[in-house]
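What follows is one structure encoded as structure tokens, with my remarks underneath.
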Amino acid sequence: MSNSEPPIHRPLEGLRGLVLGVANEHSIAWGCARVLAERGARVALTCVNEKAVPYVAPLAERIGAPLLRCNVEEPGELQAAVNAAAEHLGGLDFGVHSIAWAPKDDLHGRVVDSTAEGFAQAMRVSCHSFAEMARLMEPHLGDGGALVTMSYIGADEAVPHYGLMGPVKAALESLVRYMAVELGPKNVRVHAVSPGPVPTRAASGLLAFDELMTRSAQTAPLRRLVTLDEIGRCVAFLVGPDASGMTGQTLYVDAGDHAVR
Numbered sequence: 065m066s067n068s069e070p071p072i073h074r075p076l077e078g079l080r081g082l083v084l085g086v087a088n089e090h091s092i093a094w095g096c097a098r099v100l101a102e103r104g105a106r107v108a109l110t111c112v113n114e115k116a117v118p119y120v121a122p123l124a125e126r127i128g129a130p131l132l133r134c135n136v137e138e139p140g141e142l143q144a145a146v147n148a149a150a151e152h153l154g155g156l157d158f159g160v161h162s163i164a165w166a167p168k169d170d171l172h173g174r175v176v177d178s179t180a181e182g183f184a185q186a187m188r189v190s191c192h193s194f195a196e197m198a199r200l201m202e203p204h205l206g207d208g209g210a211l212v213t214m215s216y217i218g219a220d221e222a223v224p225h226y227g228l229m230g231p232v233k234a235a236l237e238s239l240v241r242y243m244a245v246e247l248g249p250k251n252v253r254v255h256a257v258s259p260g261p262v263p264t265r266a267a268s269g270l271l272a273f274d275e276l277m278t279r280s281a282q283t284a285p286l287r288r289l290v291t292l293d294e295i296g297r298c299v300a301f302l303v304g305p306d307a308s309g310m311t312g313q314t315l316y317v318d319a320g321d322h323a324v325r
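Below, the structure is given as structure tokens:
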């Protein structure tokens, strides 16, 4: 018998992708990028600005990924990031959209008190940027591809303190279905992944988030929270060949929490 190590399973070998929204090692975007790289994909990462670079650059270096700056509110930055990623990687096969933001005053207040400007800004950053990413990536996708964004159960349920982001995520999940119909003839698949609560930088902006995590861990059928690896593995499945017959769905990675609400 041979004492050699078993071959590493790399089902995404040869695939190239752009992962938007890495803030630090606790980011869902980083969890996805790490798993994608482990499974053989080559990825490019984005962070929002120069202030984020010291936190993200070591992560990008760890997986040999180019790091690009991309603030979707700045004209031309998303276009530049997509083009740079395609140039670095020699094309694109998938994109992962993991960015969400709302002005604090609008996020922490009642939805009925939100400003039109704050609502529009939250929709621009957290929802419409996914459609824009798809449009910009479309010319770089060869024989089809996959696009994945991040949602939350607050799209379907009125979750305490989730506020303005609930309607925004509902719009995002609807966007996924329309994009799936529009891009399906080009063999481009579109999905949302809806993770349970995880302690990310973005989540820390929500009021009483610790209480939300505690309640979820207590009520979810698996009686725990999910990990970044578990979210990343779902994304890796969706962008890979094993999910070739799926599109237009929202998949929950929340220890079953959605099933008992």
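Using my numbering, the first residue of the sequence shown is number 65, and each one after it goes up by one.
Note that CB positions come from ideal geometry on N, CA and C, so glycine has one too.
Please read all numbers here as calculations on a predicted model, not as lab measurements.
Have a look at residue i and residue j and give me their C-alpha separation to the nearest angstrom.
i, j, result
"S91", "P249", "33 Å"
"M214", "V257", "5 Å"
"V317", "I217", "10 Å"
"L84", "A164", "11 Å"
"E151", "Y119", "24 Å"
"E275", "A281", "10 Å"
"E114", "N135", "10 Å"
"V223", "E125", "37 Å"
"G78", "A148", "18 Å"
"R133", "C298", "26 Å"
"G140", "R188", "14 Å"
"A198", "R287", "36 Å"
"A121", "A93", "14 Å"
"A307", "H172", "38 Å"
"A180", "A129", "38 Å"
Using a Cβ-Cβ cutoff of less than 7 Å, which residues in the same chain neighbour residue i once the five nearest sequence positions on both sides are dropped?
i, result
"S178", "D170 and L228"
"R241", "G312"
"I295", "I92, G95, C96, V257, P259 and V317"
"E89", "L123"
Using 8 Å as the threshold, is the C-beta distance between residue i and residue j below it?
i, j, result
"C111", "L142", "no"
"V175", "P259", "no"
"L123", "A300", "no"
"C191", "L239", "yes"
"V252", "G208", "yes"
"A195", "M243", "yes"
"V160", "V212", "yes"
"S162", "C96", "yes"
"T278", "V324", "no"
"L153", "A108", "yes"
"L272", "H225", "The sequence given here places Ala at residue 272; Leu does not occur at that position. Taking 8 Å as the Cβ cut-off, A272 and H225 qualify as a contacting pair."
"P285", "A319", "yes"
If residue i and residue j are in contact, beta carbons under 8 Å, what's the gap, nearest whole angstrom?
i, j, result
"A116", "A145", "With a Cβ gap of about 14 Å, A116 and A145 do not count as contacting."
"P261", "L292", "Their Cβ separation, rounded to whole angstroms, is 12 Å, which puts P261 and L292 out of contact at 8 Å."
"H255", "L315", "6 Å"
"L156", "R80", "6 Å"
"A210", "L82", "Not quite, the Cβ-Cβ distance comes to about 12 Å (not below 8 Å), so this is no contact."
"I127", "R103", "Rounded, the Cβ-Cβ distance is 11 Å, inconsistent with contact."
Excluding the 5 residues flanking residue i on each side, which residues of the same chain have their C-beta closer than 6 Å to its C-beta?
i, result
"G304", "P75 and L76"
"A219", "K233, A234 and E237"
"F158", "G81, G209, A210 and V303"
"G182", "P167 and D170"
"E221", "R325"
"R106", "R80 and L153"
Residues in its own chain within less than 8 Å of residue i by CB, not counting five upstream and five downstream?
i, result
"M65", "Caution is warranted here: a pLDDT of 44 is assigned to M65, below 50, making its placement in the model unreliable, and the coordinate value is therefore given only provisionally. The answer is none, since no qualifying residue turns up."
"E137", "Q185, R188 and V189"
"H73", "R103"
"E202", "L247, K250 and V252"
Alpha helix (DSSP H) runs contained entirely in the segment 170-257, provided each spans 4 or more residues: 180-187, 193-201 and 229-247
Alpha helix (DSSP H) runs contained entirely in the segment 96-180, provided each spans 4 or more residues: 117-126, 141-153 and 168-172
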